[in-house]
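A.B. asks: Attaching a single structure in structure tokens format; questions to follow.
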Amino acid sequence: MMQRFLLYLLCCVAWILNASAQEPAFQVIPLGVKGGLDESNLSAYMVAAAGTTDYIAFDAGTLYAGIQQSVNNGLFPGRSVTTVLKQNIKGYCISHAHLDHLAGLIINSPDDTAKNIYGMDYCLDVLKSNYFTWKSWANFTDAGEKPLLNKYHYASLQEGKETPLAGTNMFVTAYSLSHGKPFESTAFLIRHADNYLLYLGDTGADTIEHAQNLSVLWKTVAPLVAAGKLKGIFIEVSYTNAQPLNKLFGHLTPALLTAELHTLAGYAGSVYMKHLNVVITHIKPAENAEAIIQKELSDANTTGVQYLFPEQGRVMFF
């Protein structure tokens, strides 16, 4: 019995050391990380396979200001903001149609180049009927209100079906999330070769939403966690634990995220959660909220995950 335990322990240590020694599979440039108020720093993350410059923007609340910060930080030597927008961003995956997740896409559309907008139908339908219309802006897409300017193509994603991301060597699979019933959001499972990232748009906890969306998602990615193939999870924590549960509006707190990660650990195995990268997004800019959220997450971190807090224009490797 003791020999089996020691063998199990050695296997776990070897898995952790192997995972930490691997070369990065993805590079991520946060263009916007906050959950509101400051329109120059709203949810948007450029993701590329490591070693390439072919990015997909996951959400697009802020584009220009985030690219400018990235250029200022030396991430695109010799390139202007407009060049990065036109040439390095190959497409957009939009989780849901709230303005803080797509305003940058709309505002920058006149200066952009032809590319795909990927999303679930419940998201794309709102873009067609509310945003890319001639009454509210101009229709730079190939569907909806005429005349069509045919710059962007709506690429509908089907739940659970992997889709290639044009112009890159990455693929994406979409899963529905509950964002304050009856409203929906999306999780994107990104694959490059045999490596994965998971990006979640805004989401409520299953217990609050009276749903199973996150449970289904955790079951889906649990084998990837156990195999060391899931390199990181991007997930929101909008409020501190002081936020009343009836005023979450489809968002998470540290306590609710901790509970969800324990659910994932139950499916994947607790040992494989150690040092899993969990990137905290969409913090609402209330006074001292980020410091409080960091402490509340740290104090309750019994799963051993590695919490990361992204900064606008600062590259991250996974």
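If you're matching positions, the sequence shown starts at 1183 in this note's numbering and goes up one per residue.
Where is the CB? At the ideal position from N, CA and C, for every residue including glycine.
1) Which residues bound the beta strand (DSSP E) around Val1229?
2) Under a three-way DSSP split, which group does Lys1401 fall into?
3) Any chance you could list the alpha helix (DSSP H) runs of at least 4 consecutive residues sitting entirely within the segment 1373-1425, in chain order?
4) With 16 other CB atoms within 10 Å as the buried threshold, where does Ser1225 fall?
5) I'd like the list of long-range same chain contacts for Met1302, defined as Cβ closer than 6 Å, with 5 residues on each side in sequence excluded.
6) Rounded C-beta distance between Gly1486 and His1444? I'm assuming under 8 Å.
7) With a cut-off of 8 Å on the beta carbons, I'd call Leu1245 and Pro1467 a contact; round off their distance for me.
8) Quick check on His1361: does DSSP put it in helix, strand or coil?
9) Exposed or buried, Glu1205, counting other C-beta atoms within 10 Å across all chains shown (16 or more means buried)?
10) Are the beta-carbon atoms belonging to Val1266 and Met1498 less than 8 Å from one another?
11) Does the pairing of the segment 1383-1390 with the segment 1411-1420 give three or more beta-carbon distances under 8 Å?
12) If you draw a straight line from the C-alpha of Asn1470 to the C-alpha of Lys1477, how long is it?
13) Considering just the uninterrupted stretch of the alpha helix (DSSP H) at His1335, what are its terminal residues?
14) Residues bridged to Lys1216 by DSSP?
15) So within the segment 1437-1483, which uninterrupted beta strand (DSSP E) runs reach at least 3 residues, ignoring any that extend past its ends?
16) Looking at the secondary structure, which residues open and close the alpha helix (DSSP H) in which Ala1247 lies?
17) Between Glu1472 and the rest of its own chain, which residues show a CB-CB distance below 8 Å, the 5 nearest in sequence each way excluded?
18) Looking at Ala1207: is its Cβ nearer than 8 Å to the Cβ of His1374?
19) I need the DSSP call for Gly1495, collapsed to helix, strand or coil.
20) Which value, in whole angstroms, describes the spacing of the CA atoms of His1280 and Gly1432?
21) With a threshold of 16 other CB atoms inside 10 Å of the CB of Glu1366, please say whether the residue is buried or exposed.
C.D. replies: With the given structure in hand:
1) Taking the sequence shown and counting its residues from 1, one reaches residue 1229 at position 47. Segment Ala1226 to Ala1231, the beta strand (DSSP E) holding Val1229.
2) Here residue 1401 is taken as the residue at index 219 of the sequence shown, counted from 1. Here DSSP, grouped into helix, strand and coil, assigns Lys1401 to helix.
3) Look at the segment 1373-1425 and you find these whole runs of alpha helix (DSSP H), each 4 residues long or longer: 1388-1391 and 1395-1408.
4) For this step, residue 1225 is matched to residue 43 along the sequence shown. Per the 10 Å Cβ criterion, buried.
5) Stepping through the sequence shown from its first residue, residue 1302 is reached at position 120. Leu1339, Ala1356 and Thr1368.
6) Numbered from 1 along the sequence shown, position 304 holds the residue referred to as residue 1486. Numbered from 1 along the sequence shown, position 262 holds the residue referred to as residue 1444. Contact doesn't hold; Cβ gap of about 11 Å is too wide.
7) Here residue 1245 is taken as the residue at index 63 of the sequence shown, counted from 1. Here residue 1467 is taken as the residue at index 285 of the sequence shown, counted from 1. Incorrect: roughly 19 Å between the Cβ atoms, too far for contact.
8) The residue given as residue 1361 occupies position 179 in the sequence shown. The answer is coil: DSSP assigns His1361 none of H, G, I, E or B.
9) Sequence index remark: in the sequence shown, residue 1205 carries index 23 (1-based). Exposed.
10) Within the sequence shown, numbered from 1, the residue matching residue 1266 stands at position 84. Within the sequence shown, numbered from 1, the residue matching residue 1498 stands at position 316. For the pair Val1266 and Met1498, the CB atoms are not nearer than the 8 Å cut-off.
11) yes
12) Within the sequence shown, numbered from 1, the residue matching residue 1470 stands at position 288. Within the sequence shown, numbered from 1, the residue matching residue 1477 stands at position 295. Their backbone Cα atoms lie some 11 Å apart in a straight line.
13) The residue labelled residue 1335 in the question sits at position 153 within the sequence shown. Boundaries around His1335 are those of the beta strand (DSSP E), Tyr1334 to Ser1338, since no alpha helix (DSSP H) includes it.
14) As a position in the sequence shown, residue 1216 is number 34, starting the count at 1. Paired residue(s): Leu1224 and Ile1465.
15) 1459-1463
16) Looking up residue 1247 in the sequence shown gives position 65. Counting along the chain, the alpha helix (DSSP H) containing Ala1247 begins and ends at Tyr1246 to Asn1254.
17) Locating residue 1472 in the sequence shown gives position 290, counting from the first residue. Once the five neighbours on either side are set aside, the close Cβ partners of Glu1472 are Ile1465 and Phe1491.
18) Within the sequence shown, residue 1207 is the residue found at index 25, counting from 1. Within the sequence shown, residue 1374 is the residue found at index 192, counting from 1. Yes, these two residues count as a Cβ contact at 8 Å.
19) Within the sequence shown, the letter at position 313 stands for residue 1495. Note: Gly1495 maps to coil in three-state DSSP.
20) Within the sequence shown, residue 1280 is the residue found at index 98, counting from 1. Within the sequence shown, residue 1432 is the residue found at index 250, counting from 1. Cα-Cα distance, rounded: 12 Å.
21) What you label residue 1366 is simply residue 184 of the sequence shown in a count that begins at 1. Buried, since its Cβ has 16 or more Cβ neighbours within 10 Å.
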